[in-house]
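Presented below is the structure to which this report refers.
Protein chains: 2
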Amino acid sequence: MINEKIAQAKQICREKQIDLWLTFVRETSSTPDPMLDLILGAHCTWPSAFIITAAGDALAIVGTLDMQNIKDHADYQVIGYVASIREELLNVLHKIDPQKVAVNYSVNDVMADGLSYGMFLMLKDYLTGTPYAERLVSSESLVAALRGRKSRTEVQLIREAIRETLDIFDNVTKWLRIGVSEREVAEYIKAQVAQRRLEYAWDETHCPAVFTGPESAGAHARPTGRLIEAGHIMNIDFGVRKNGYVSDLQRTWYFRRPGEKVAPAAVQRGFNVIRDAIRKAAEGLKPGMLGWEMDALARQYIIDAGYAEYQHALGHQVGRQAHDGAGLLCPRWDRYKDLPFSVVEEGQVYTLEPRLTVEGHGIATIEEIVQVTKDGCEFLSQPQEEVWLI
Amino acid sequence: MINEKIAQAKQICREKQIDLWLTFVRETSSTPDPMLDLILGAHCTWPSAFIITAAGDALAIVGTLDMQNIKDHADYQVIGYVASIREELLNVLHKIDPQKVAVNYSVNDVMADGLSYGMFLMLKDYLTGTPYAERLVSSESLVAALRGRKSRTEVQLIREAIRETLDIFDNVTKWLRIGVSEREVAEYIKAQVAQRRLEYAWDETHCPAVFTGPESAGAHARPTGRLIEAGHIMNIDFGVRKNGYVSDLQRTWYFRRPGEKVAPAAVQRGFNVIRDAIRKAAEGLKPGMLGWEMDALARQYIIDAGYAEYQHALGHQVGRQAHDGAGLLCPRWDRYKDLPFSVVEEGQVYTLEPRLTVEGHGIATIEEIVQVTKDGCEFLSQPQEEVWLI
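These protein sequences, in sequence, are chains A and B.
Note that the numbering used here numbers the first sequence so that position 104 is 961, with each residue one more than the last.
Note that the numbering used here numbers the second sequence so that position 385 is 1242, with each residue one more than the last.
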């Protein structure tokens, strides 16, 4: 997989007319560059340069003590140094003489922003007096393409993580009852994760995140001792990592009050609006659309139905990370910088996850995962069609 | 512990005349700032600012969805935002009106270098037209003091991690025999780690790192299928994390050939030179010395004994990380930037880990851990006095 991605990176360098892609890092177990999982699969200690070129080179300049470890992990030509990386780095640059050097920084995309400011200052110092100081650009577009375009194997791995997650949701549904706490629901899920020897898709303090009833935090917080009551909507945001790839899904349950056969009309309607907002977005999705145009399909549908708009993006890419970076389906808010203008591309895998509040009951939210195809999209998750009744 | 460290940070701000310390981060599960373990203990998603002031404020400006999670973890006054952090961040800066703002970047110290270059550009853009754009300094000295000055509780936790590690080394010694591979030694140790429910102090692909014989990689590489032979020196570099704090220790074994009662003179002498280089360094250690002066005590001793000098630092600080950052005991090589000139301070915890090659046998290396006291140092690890014979 690592060497496949290195090969893909060389091709993307050519396509984007980037002569050389430099990933400049150090002590990556403390300050990781998110791309190293994809193009190295190991850590390094001293200042290290991973260089992939349009001409087809893959070079790693690392401290001598790291050389063997790097060789063990990926097909780089490994160059070691002892006192300073400066000389070897300049040697390589002068030899390749790139007109355009993509470097691992980006205002917009966390996944392309692994260069620390301290390392940038070090690099700038090294390049002073060379022509390359003026040839640095962000690796953003390269990284977006490399992460976004999932290979067949990568999609298969994501499907596997989704399957495990939906299985666990099925078990949760069988087990759930009024009177258990958010924390107990989370503990039940964590026991399933342990039993299946899976990892968590994100920080396990809020993976799963469990929210029941009208007073819950709603998102990104840890489960509390709040008890599930009749009349509550509960939602769970949960994903697993399996073989390095993750899922990220949300489902909505309703807990019937005595005598209720189905959910009250308000709950039903809220759920259906979310479900249909996702359908609307999936039907409208085409390669070439911009992120904000996609977001607007679901957002406008919810506003038109008379609900407050959700305060986040419609969806993000999924892959090695739950938030896999780049090409976000988000509104044109300053918080998102240029991301609303990123282009939807074939091969990308996105979540679709609008939400709305049903007053007095809780928050209805579904999160599905789709892959962009040549002319539309395909659901990788089996969509939730109805609110799940307990 | 988190709130203790926040209180300590306020005090260090006053001592160093830093009005405001800003830790500016986003998506910290992909791009963590190493200081958040110490002053937050949680992750955040959108651009987030953690602000500690000399006047005694502790403020967190985070995306609304992260607010509850941050409140659950540490005593910050939490301010939420939806569209952009800009306005709330500028509000806080204008209100506090700091003359000096320490920001989470550093050329020298990874632990103080959590600000990505993309986030720096974002911050610069926000501060354009304000007086604060010109008042930014590196948080390096603040971070070095905050990480370095271990509280009594922190030292107790490090001692615990050391105790576990030395226990495991004792078990290894009982179990070791000629003919097992480096990988089998590592697997034996990993089984002990699992049984004791410990974590690894660094990347578990080379924690433990096991090197046997004259042909081994020597450091930082993963264990191989190389078999232990009679006449080999073997060394193991290993540490565990327990309750958030780590150990990092090396020990040296010798495998006797048929008829050998003790190690050959060359092995004995190599081991003793390393042991005595550590003694020399520990005896010489005084608060106020510079990192390179400390390193030179051991380095010169080894050179004077006729061996090649080691190609790394004598020691690094240990704490929440195996490489805990700042104040390194290292030579004046460009690779180490300004670190050789950092001052040894009371309360810091350092490794001492010189090495040398015994031709035809392998690499002799010992790594001990000491804490700097008012007028010297105290060993936190029980020092290895003799080469361990198998």
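Idealized CB from N, CA, C, for every residue including glycine.
Would you say residue 972 (chain B) reaches chain A, if we count a Cβ-Cβ gap shorter than 7 angstroms as a contact?
In the second sequence, residue 972 (chain B) corresponds to position 115, counting from 1. It does; some Cβ of chain A falls within 7 angstroms.
According to DSSP, simplified to helix, strand and coil, what is residue 1195 (chain A)?
As a working note, residue 1195 (chain A) is residue 338 in the first sequence. Note: residue 1195 (chain A) maps to coil in three-state DSSP.
How about residue 1033 (chain A) and residue 1247 (chain A): do their beta carbons lie closer than 7 angstroms?
Here residue 1033 (chain A) refers to the residue found at position 176 of the first sequence. Here residue 1247 (chain A) refers to the residue found at position 390 of the first sequence. Yes, they are a contact pair.
Just to make sure I have the definition right: I need the residues of chain A whose C-beta is within less than 7 angstroms of the C-beta of residue 884 (chain B). Which are they?
Here residue 884 (chain B) refers to the residue found at position 27 when the second sequence is read from its first residue. Ordered by position in chain A, the residues that pass the 7 angstroms Cβ test against residue 884 (chain B) are 967, 1180.
Using only the alpha-carbon positions, how far apart do residue 1139 (chain B) and residue 1170 (chain B) sit?
Within the second sequence, the letter at position 282 stands for residue 1139 (chain B). Within the second sequence, the letter at position 313 stands for residue 1170 (chain B). About 15 angstroms.
Given that residue 979 (chain A) touches chain B, what residues does it touch there, using C-beta distances under 9 angstroms?
Looking up residue 979 (chain A) in the first sequence gives position 122. Within chain B, the residues near residue 979 (chain A) are 964, 1194.
At a CB distance below 7 angstroms, what residues from the segment 921–939 of chain B approach chain A? Give them in sequence order.
Of all residues in the segment 921–939 of chain B, 921, 922, 923, 925, 926, 929, 939 have a Cβ within less than 7 angstroms of some Cβ in chain A.
Hey, does residue 900 (chain B) have any beta-carbon neighbour from chain A nearer than 7 angstroms?
Numbered from its first residue, the second sequence carries residue 900 (chain B) at position 43. Yes, its Cβ sits closer than 7 angstroms to a Cβ of chain A.
The beta strand (DSSP E) with residue 1214 (chain B) in it runs from where to where?
Here residue 1214 (chain B) is taken as the residue at index 357 of the second sequence, counted from 1. Its beta strand (DSSP E) spans residues 1212–1215.
Give me the Cα-Cα distance between residue 1166 (chain B) and residue 1156 (chain B), rounded to the nearest whole angstrom.
Walking along the second sequence from the start, residue 1166 (chain B) turns up at place 309. Walking along the second sequence from the start, residue 1156 (chain B) turns up at place 299. The straight-line gap from Cα to Cα measures roughly 6 angstroms.
Name, going along the chain, the residues of the segment 1148–1175 of chain A whose beta-carbon falls closer than 9 angstroms to a beta-carbon of chain B.
Per Cβ criterion, the list reads 1168, 1169.
By DSSP, does residue 998 (chain B) sit in helix, in strand, or in coil?
The residue labelled residue 998 (chain B) in the question sits at position 141 within the second sequence. It is helical.
Does chain A have any CB closer than 7 angstroms to the CB of residue 941 (chain B)?
As a working mapping, residue 941 (chain B) is identified with position 84 in the second sequence. Chain A contact via Cβ: present.
Let me confirm a value: residue 1115 (chain B) is counted as buried when at least 16 other C-beta atoms fall within 10 Å, else exposed. Which label applies?
Residue mapping note: residue 1115 (chain B) aligns to position 258 of the second sequence, counting from 1. That one is exposed.
Who are the near neighbours of residue 898 (chain A) in its chain, counting only those whose CB is closer than 6 angstroms to its CB and skipping five residues on each side?
Start at 1 with the first residue of the first sequence, and residue 898 (chain A) comes out as number 41. Once the five neighbours on either side are set aside, the close Cβ partners of residue 898 (chain A) are 859, 930.
With a cut-off of 7 angstroms, does the C-beta of residue 887 (chain B) fall near any C-beta of chain A?
Counting from 1 along the second sequence, the entry for residue 887 (chain B) is found at position 30. It does; some Cβ of chain A falls within 7 angstroms.
Where does residue 976 (chain B) fall in DSSP's three states?
As a working mapping, residue 976 (chain B) is identified with position 119 in the second sequence. If DSSP states are grouped into helix, strand and coil, residue 976 (chain B) belongs with the helices.
Excluding sequence positions up to five away, which residues of its chain have a Cβ less than 6 angstroms from the Cβ of residue 1007 (chain B)?
Counting from one through the second sequence, the residue named residue 1007 (chain B) turns up at place 150. Counting only Cβ-Cβ distances below 6 angstroms, and skipping sequence neighbours, we find 1204, 1206.
Just how far apart, CA to CA, sit residue 853 (chain B) and residue 867 (chain B)?
What is shown of chain B runs 858 to 1247, which leaves residue 853 (chain B) out entirely.
In whole angstroms, what separates the C-alpha of residue 1086 (chain A) from that of residue 1038 (chain A)?
Within the first sequence, the letter at position 229 stands for residue 1086 (chain A). Within the first sequence, the letter at position 181 stands for residue 1038 (chain A). Each residue's alpha carbon lies about 9 angstroms from the other.
Compare the C-beta of residue 1191 (chain A) against all C-beta atoms of chain B and say whether one is closer than 7 angstroms.
Reading the first sequence from its first residue, position 334 is the one you call residue 1191 (chain A). Yes, residue 1191 (chain A) lies at the interface with chain B (some Cβ there is under 7 angstroms from its Cβ).
Residues of chain B with CB under 8 angstroms from residue 1183 (chain A), in chain order?
Looking up residue 1183 (chain A) in the first sequence gives position 326. None at all; the shortest Cβ gap to chain B is about 12 angstroms.
By Cβ distance, which residues of its chain are closer than 6 angstroms to residue 1079 (chain B), with the 5 residues on each side in sequence left out?
Looking up residue 1079 (chain B) in the second sequence gives position 222. Result list for residue 1079 (chain B): 1062, 1063, in chain order.
Do residue 1146 (chain A) and residue 1201 (chain A) have their CB atoms nearer than 7 angstroms?
Position 289 of the first sequence, counted from the first residue, corresponds to residue 1146 (chain A). Position 344 of the first sequence, counted from the first residue, corresponds to residue 1201 (chain A). For residue 1146 (chain A) and residue 1201 (chain A), yes; Cβs fall inside 7 angstroms.
Restricting to Cα atoms, I'd like to know which of A:1036, A:894, A:942, A:1211 is closest to residue 1109 (chain A).
Numbered from its first residue, the first sequence carries residue 1109 (chain A) at position 252. For residue 1109 (chain A), the nearest C-alpha among the options comes from A:1211.
Using a cut-off of 8 angstroms between C-beta atoms, extract the partners of residue 1063 (chain A) located in chain B.
Along the first sequence, one-based indexing puts residue 1063 (chain A) at 206. Those are 926, listed as they occur along chain B.
Just checking my contact of residue 1004 (chain A) with residue 1176 (chain A) at CB under 8 angstroms: how many whole Å lie between their CB atoms?
Within the first sequence, residue 1004 (chain A) is the residue found at index 147, counting from 1. Within the first sequence, residue 1176 (chain A) is the residue found at index 319, counting from 1. Confirmed, Cβ separation roughly 6 angstroms.
Enumerate in chain order the residues of its own chain whose CB-to-CB distance from residue 1234 (chain B) is below 7 angstroms, with the five nearest sequence positions on each side excluded.
As a position in the second sequence, residue 1234 (chain B) is number 377, starting the count at 1. 1139, 1142, 1227, 1228, listed in sequence order.
Going by C-alpha to C-alpha distance, which of B:959, B:1240, B:1026 sits closest to residue 1050 (chain B)?
Numbered from 1 along the second sequence, position 193 holds the residue referred to as residue 1050 (chain B). Among B:959, B:1240, B:1026, the Cα nearest to that of residue 1050 (chain B) belongs to B:1026.
Between the segment 1095–1105 of chain B and the segment 1114–1128 of chain B, do three or more beta carbon pairs fall short of 8 angstroms?
Verdict: no, contact absent.
Look at the alpha carbon of residue 959 (chain B) and the alpha carbon of residue 1237 (chain B), and state the distance between them as a whole number of angstroms.
If you number the second sequence from 1, residue 959 (chain B) lands on position 102. If you number the second sequence from 1, residue 1237 (chain B) lands on position 380. Cα to Cα, the separation comes out at about 33 angstroms.
Below 7 angstroms on C-beta distance, what does residue 1060 (chain B) contact in chain A?
The sequence position of residue 1060 (chain B) within the second sequence is 203, counting from 1. Simply 886, 900.
Just to make sure I have the definition right: I need the residues of chain B whose C-beta is within less than 7 angstroms of the C-beta of residue 1079 (chain A). Which are they?
Taking the first sequence and counting its residues from 1, one reaches residue 1079 (chain A) at position 222. Going along chain B in sequence order, the residues near residue 1079 (chain A) (Cβ under 7 angstroms) are 926, 929.
Output the boundary residues of the beta strand (DSSP E) element that contains residue 1228 (chain B).
Position 371 of the second sequence, counting from 1, holds the residue named residue 1228 (chain B). Here the beta strand (DSSP E) through residue 1228 (chain B) covers 1225–1229.
How about residue 975 (chain B): is its C-beta nearer than 7 angstroms to some C-beta of chain A?
Here residue 975 (chain B) refers to the residue found at position 118 when the second sequence is read from its first residue. Interface residue, yes.
Buried or exposed for residue 1180 (chain A), please, with buried defined as at least 16 other CB atoms from any protein chain shown within 10 angstroms of its CB.
Your numbering for residue 1180 (chain A) matches position 323 in the first sequence. Label assigned to residue 1180 (chain A): buried.
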